[in-house]
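Each protein sequence line maps, in turn, to chains L and R. Residue numbers for the first sequence follow the numbering used here, beginning at 2 and rising by one. Residue numbers for the second sequence follow the numbering used here, beginning at 122 and rising by one. So the structure is just underneath, and the comments pick up after that.
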Amino acid sequence: MKENAELLKRELPGKKVPGKVRIRCRYKNLVDFAKVFGFTDQKYVGPEEDGVVACKAFANHFTIKALYKLLLGMKIEQDGKKRSFILNPGKLLHAGNKYNWKDCVDIKNGDTLKVTAEWGNVWLVEKNMILFAELLVTAKNQNGELVCKPTVTAAVRPGGY
Amino acid sequence: MVEIADIEIGQVIRDEFDDITRDLLKDYANASGDTNPIHTRDDIAIKSGLKGVIAHGLFSLGFITKLFEDFLDHENDGKLIEIDVDMVGMVRCGDTLVTEGKVTKIGGNMVYLDIVQRTITPIHIKDSNGNIIEQFEAGERGYISEKDRERNLVHEKEVDKGILTYRDRVATKGSAIIQLNN
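Okay, here's the thing in structure tokens:
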């Protein structure tokens, strides 16, 4: 187990996660999301013809897609064989989350987002053998403008890496 | 309108939400695409050793971003620049989610805050004879652990019906940065 952790600590930091996720931001999805959190302002839940923008929590939507599609699908090479980064998705926990919106534009109804990711720090807490890994996500709209930079901290319990 | 001149170190921005239900978690699951059944199906959550459904970690985080969007009049008075949190405790149906941002630093038009999000979990209400007259989900399903008691997270207070026993625990903690226009 420690050998696996050492491999991931050595191999992952700075490495791009292959692939990208495309998110179409439909009116209904933006409004449904805002309504969960009780927004009533027309900016978030107004009529479609007036145009709406996503509430900040909408970043959860593409962060989770990135986590599921990019991270769970990623393969690494160990002892000459390809293996999944996560050996058991049931051992994966979401330990921390950072959203940065500096120099970002709003997400609007009709936008198509492109979400990519690379690995940040990876470390092992030997006391409980939980492996922590940072996923640095970038989300841009169809014009190449940044809409959010999420950093996800994933915790993988023993048996999962 | 919120302006930088109105902000003071130590100022607290606060919100309370007490309507976390299974239906709301299903709505969130559908909207977010996070359809892991431990958030929506008790049978699966129980099989995973959780005793009942738990809220998505990012569901709670949404109430932190909303706190600042409301404070900034839906970003007419400024922008939310950054949120950085650790998720340290589970949030469940029946919990009251208390979200607080405390101003720690002001620099130019930037405001830096510490964030703490707590869950107030009702367990039961007893009458003056010590009989349980109302049992809440946390009491029925055994959400409260010995560790919670050892850590002094379980408290009592008088309410209209009797003595309420509840747990007060940190669910999320971290920091935020907002930028005001004026």
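Ideal Cβ placement from N, Cα and C applies to all residues, glycine included. Since the structure is predicted, the reported quantities are computational estimates derived from the model, not experimental observations.
Can you check whether the C-beta of residue i is within less than 9 angstroms of a C-beta belonging to chain L?
{"i": "Asp163 of chain R", "result": "no"}
{"i": "Tyr287 of chain R", "result": "no"}
{"i": "Glu255 of chain R", "result": "no"}
{"i": "Ser169 of chain R", "result": "yes"}
{"i": "His276 of chain R", "result": "no"}
{"i": "Glu258 of chain R", "result": "no"}
{"i": "Tyr233 of chain R", "result": "no"}
{"i": "Val206 of chain R", "result": "yes"}
{"i": "Phe184 of chain R", "result": "yes"}
{"i": "Asp148 of chain R", "result": "yes"}
{"i": "His195 of chain R", "result": "yes"}
{"i": "Ile236 of chain R", "result": "no"}
{"i": "Glu190 of chain R", "result": "yes"}
{"i": "Lys200 of chain R", "result": "yes"}
{"i": "Gly210 of chain R", "result": "no"}
{"i": "Glu261 of chain R", "result": "no"}
{"i": "Glu137 of chain R", "result": "no"}
{"i": "Glu271 of chain R", "result": "no"}
Counting only Cβ pairs nearer than 9 angstroms, list the residues of chain R close to residue i.
{"i": "Tyr28 of chain L", "result": "Within chain R, no residue comes near Tyr28 of chain L; the closest Cβ sits about 13 angstroms away, beyond 9 angstroms."}
{"i": "Asp51 of chain L", "result": "Within 9 angstroms Cβ-Cβ: nothing; Asp51 of chain L doesn't reach chain R, min ~14 angstroms."}
{"i": "Asn144 of chain L", "result": "The contacting residues do not exist; Asn144 of chain L stays about 19 angstroms from chain R at best."}
Going straight from the alpha carbon of residue i to that of residue j, what length do you get?
{"i": "Ile134 of chain R", "j": "Leu193 of chain R", "result": "11 angstroms"}
{"i": "Val54 of chain L", "j": "Thr41 of chain L", "result": "13 angstroms"}
{"i": "Asp155 of chain R", "j": "Phe138 of chain R", "result": "21 angstroms"}
{"i": "Lys268 of chain R", "j": "Thr293 of chain R", "result": "18 angstroms"}
{"i": "Cys26 of chain L", "j": "Thr242 of chain R", "result": "36 angstroms"}
{"i": "Asn101 of chain L", "j": "Lys247 of chain R", "result": "46 angstroms"}
{"i": "Lys66 of chain L", "j": "Gly228 of chain R", "result": "35 angstroms"}
{"i": "Asp127 of chain R", "j": "Leu182 of chain R", "result": "26 angstroms"}
{"i": "Lys76 of chain L", "j": "Arg11 of chain L", "result": "15 angstroms"}
{"i": "Glu277 of chain R", "j": "Thr220 of chain R", "result": "21 angstroms"}
{"i": "Asn30 of chain L", "j": "Ala150 of chain R", "result": "12 angstroms"}
{"i": "Phe59 of chain L", "j": "Ile165 of chain R", "result": "26 angstroms"}
{"i": "Ala155 of chain L", "j": "Leu93 of chain L", "result": "7 angstroms"}
{"i": "Ile108 of chain L", "j": "Val46 of chain L", "result": "13 angstroms"}
{"i": "Asn273 of chain R", "j": "Asn110 of chain L", "result": "47 angstroms"}
{"i": "Leu73 of chain L", "j": "Tyr233 of chain R", "result": "34 angstroms"}
{"i": "Thr139 of chain L", "j": "Gly295 of chain R", "result": "21 angstroms"}
{"i": "Pro48 of chain L", "j": "Leu9 of chain L", "result": "48 angstroms"}
{"i": "Arg270 of chain R", "j": "Thr286 of chain R", "result": "11 angstroms"}
{"i": "Glu50 of chain L", "j": "Gln256 of chain R", "result": "48 angstroms"}
{"i": "Gly81 of chain L", "j": "Asn5 of chain L", "result": "14 angstroms"}
Return no unless some Cβ of chain R is closer than 9 angstroms to the Cβ of residue i.
{"i": "Asn101 of chain L", "result": "yes"}
{"i": "Tyr45 of chain L", "result": "yes"}
{"i": "Gly111 of chain L", "result": "no"}
{"i": "Thr154 of chain L", "result": "yes"}
{"i": "Phe86 of chain L", "result": "no"}
{"i": "Val37 of chain L", "result": "yes"}
{"i": "Gly91 of chain L", "result": "yes"}
{"i": "Ala134 of chain L", "result": "no"}
{"i": "Gly97 of chain L", "result": "yes"}
{"i": "Ala140 of chain L", "result": "no"}
{"i": "Lys128 of chain L", "result": "no"}
{"i": "Asp42 of chain L", "result": "yes"}
So if DSSP puts residue i in a beta bridge, which residue, or which two residues, is it bridged to?
{"i": "Ile236 of chain R", "result": "R:Gly222, R:Gly295"}
{"i": "Cys149 of chain L", "result": "L:Ala140"}
{"i": "Pro243 of chain R", "result": "R:Tyr287"}
{"i": "Ile134 of chain R", "result": "R:Gly222"}
{"i": "Cys100 of chain L", "result": "The sequence as given places Tyr at residue 100 of chain L; Cys does not occur at that position. According to DSSP, Tyr100 of chain L bridges with L:Pro151, R:Ile204."}
{"i": "Gln79 of chain L", "result": "L:Lys82"}
{"i": "Thr113 of chain L", "result": "L:Arg25"}
Since residue i meets chain R, which of its residues come closer than 8 angstroms, beta carbon to beta carbon?
{"i": "Ile65 of chain L", "result": "Ser153, Gly154, Asp155, Leu179"}
{"i": "Lys115 of chain L", "result": "Chain R residues near Lys115 of chain L: none, gap ~16 angstroms exceeds 8 angstroms."}
{"i": "Lys17 of chain L", "result": "Neighbours of Lys17 of chain L on chain R: none; closest Cβ ~23 angstroms, over 8 angstroms."}
So, for residue i: in the same chain, excluding its five sequence neighbours on each side, which residues have a beta-carbon less than 7 angstroms away from its beta-carbon?
{"i": "Ile202 of chain R", "result": "Ile298, Ile299, Gln300"}
{"i": "Lys17 of chain L", "result": "Glu119"}
{"i": "Gln143 of chain L", "result": "Asp112, Thr113"}
{"i": "His245 of chain R", "result": "Ile253, Glu255, Gln256, Phe257, Gly260, Thr286"}
Along chain L, in chain order, which residues have C-beta atoms closer than 7 angstroms to that of residue i?
{"i": "Ile130 of chain R", "result": "Neighbours of Ile130 of chain R on chain L: none; closest Cβ ~23 angstroms, over 7 angstroms."}
{"i": "Ile125 of chain R", "result": "Under the 7 angstroms cutoff, chain L gives no residues; its nearest Cβ is about 18 angstroms from Ile125 of chain R."}
Sorted by chain position, which residues of the same chain lie with C-beta nearer than 6 angstroms to residue i's C-beta, five sequence neighbours on each side aside?
{"i": "Ser169 of chain R", "result": "Ile159"}
{"i": "Lys200 of chain R", "result": "Gln300"}
{"i": "Ile153 of chain R", "result": "One point to set straight first is that residue 153 of chain R is Ser, not Ile, in the sequence displayed. Around Ser153 of chain R: no qualifying Cβ."}
{"i": "Met130 of chain L", "result": "Pro159"}
Please list, in chain order, all residues of the same chain as residue i whose beta carbon is under 8 angstroms from its beta carbon, the five residues on each side excluded.
{"i": "Gly131 of chain R", "result": "Lys223, Val224"}
{"i": "Arg23 of chain L", "result": "Thr113, Leu114, Lys115, Val116"}
{"i": "Cys105 of chain L", "result": "Glu146, Leu147, Val148, Cys149, Lys150"}
{"i": "Val209 of chain R", "result": "Val291, Ala292, Thr293, Lys294"}
{"i": "Glu258 of chain R", "result": "Gly173, Arg213, Cys214, Gly215, Tyr264"}
{"i": "Ile167 of chain R", "result": "Gly173"}
Less than 8 angstroms separating the Cβ of residue i from some heavy atom of the ligand NAD?
{"i": "Ala156 of chain L", "result": "As presented, the structure is devoid of all ligands, the ligand NAD included, so that no description of it is given."}
Going along chain L, which residues have a C-beta under 9 angstroms from residue i?
{"i": "Leu301 of chain R", "result": "Under the 9 angstroms cutoff, chain L gives no residues; its nearest Cβ is about 15 angstroms from Leu301 of chain R."}
What does residue i reach in chain L if we use C-beta pairs closer than 8 angstroms?
{"i": "Lys187 of chain R", "result": "Phe38, Gly39, Phe40, Cys56, Lys57, Ala58"}
{"i": "Leu145 of chain R", "result": "Val37"}
In chain R, which residues lie with their C-beta within 7 angstroms of the C-beta of residue i?
{"i": "Asn122 of chain L", "result": "Within 7 angstroms Cβ-Cβ: nothing; Asn122 of chain L doesn't reach chain R, min ~14 angstroms."}
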